[in-house]
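A short worksheet on the structure shown next.
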Amino acid sequence: MSTILSVILFVLLDQTSKIFLTKINEVGRVDYTVIPNFFHITYTKNYGAAFSILQGKRYWFIVITLIVLILLIGYLCKEKPQKWEKMAIILIISGACGNLIDRIINGYVIDFLDFNLFGYAFPVFNIADCYITIGALMLIVGELWKGEKNGRN
0 MSTILSVILF VLLDQTSKIF LTKINEVGRV DYTVIPNFFH ITYTKNYGAA FSILQGKRYW
60 FIVITLIVLI LLIGYLCKEK PQKWEKMAII LIISGACGNL IDRIINGYVI DFLDFNLFGY
120 AFPVFNIADC YITIGALMLI VGELWKGEKN GRN
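Sequential numbering from 0 applies to the sequence shown in numbering that gives the first Met the number 0.
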């Protein structure tokens with residue numbers, strides 16, 4: 000599957016989930032318990048970044064996101080990344096695009112995945128955030144594995 004098609008599909012999944020939740024929220028506040036004391040669907044508007052930090056910096060986030068997207072796309076076009084590395088970058092690009100669309104259209108990011116683990120309530124997040132986190136973890140683990148492999152030679 001091509002890189003562009005992959006990004007489009009991932010972004011569509013993210014945006015579809017947010018549109019669905021927005022429509023449900025119009026009927027009444029979305030706060031649905033999936034697994035009691037562990038996982039809820041909770042509609043929230045995030046005007047900041049991860050953990051709701053830097054509230055109200057919408058235009059700053061838009062500019063930074065566009066710069067990161069240009070750098071990542073340039074890297075994919077110029078370099079020949081390994082498959083795992085390419086997939087990680089596709090996930091990061093997809094997540095960044097999903098949240099960028101929210102910031103441009105709504106002025107905030109729609110979050111709804113609400114987890115509570117052993118009494119700790121994680122910040123509410125969305126599918127785009129999952130893409131970014133998984134992609135970043137793939138890059139970190141991949142680089143550590145490459146470094147460890149190179150150290151043994």
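Virtual Cβ for every residue (Gly too), placed ideally from N, Cα, C.
Are the CB atoms of residue j and residue i within a distance shorter than 8 Å?
| i | j | result |
| --- | --- | --- |
| Leu175 | Glu84 | Here the chain comprises residues numbered 0 to 152, so residue 175 is not present and cannot be evaluated. |
| Tyr42 | Phe124 | no |
| Phe9 | Tyr130 | yes |
By DSSP, does residue i sit in helix, in strand, or in coil?
| i | result |
| --- | --- |
| Ile40 | strand |
| Tyr119 | strand |
| Tyr46 | coil |
| Val62 | helix |
Closest to residue i by C-alpha separation, out of the options, would be which residue?
| i | options | result |
| --- | --- | --- |
| Leu4 | Ala120, Ile126, Ile89 and Leu112 | Ile89 |
| Arg102 | Asn45, Leu8, Leu20 and Tyr31 | Asn45 |
| Phe114 | His39, Phe19 and Leu8 | His39 |
| Val108 | Ile61, Tyr31 and Asn36 | Ile61 |
What's the C-alpha gap between residue i and residue j?
| i | j | result |
| --- | --- | --- |
| Ile126 | Asp13 | 5 Å |
| Gly106 | Lys17 | 14 Å |
| Thr2 | Pro80 | 12 Å |
| Glu25 | Pro35 | 24 Å |
| Lys22 | Tyr31 | 14 Å |
Under 8 Å Cβ to Cβ from residue i, same chain only, skipping five residues before and after it: list those, please.
| i | result |
| --- | --- |
| Lys56 | Gly47 and Ala48 |
| Leu68 | Ile92, Ala95, Cys96 and Leu99 |
| Val6 | Ile89, Ile92, Ser93 and Cys96 |
| Gly141 | Gln81, Trp83, Glu84 and Ala87 |
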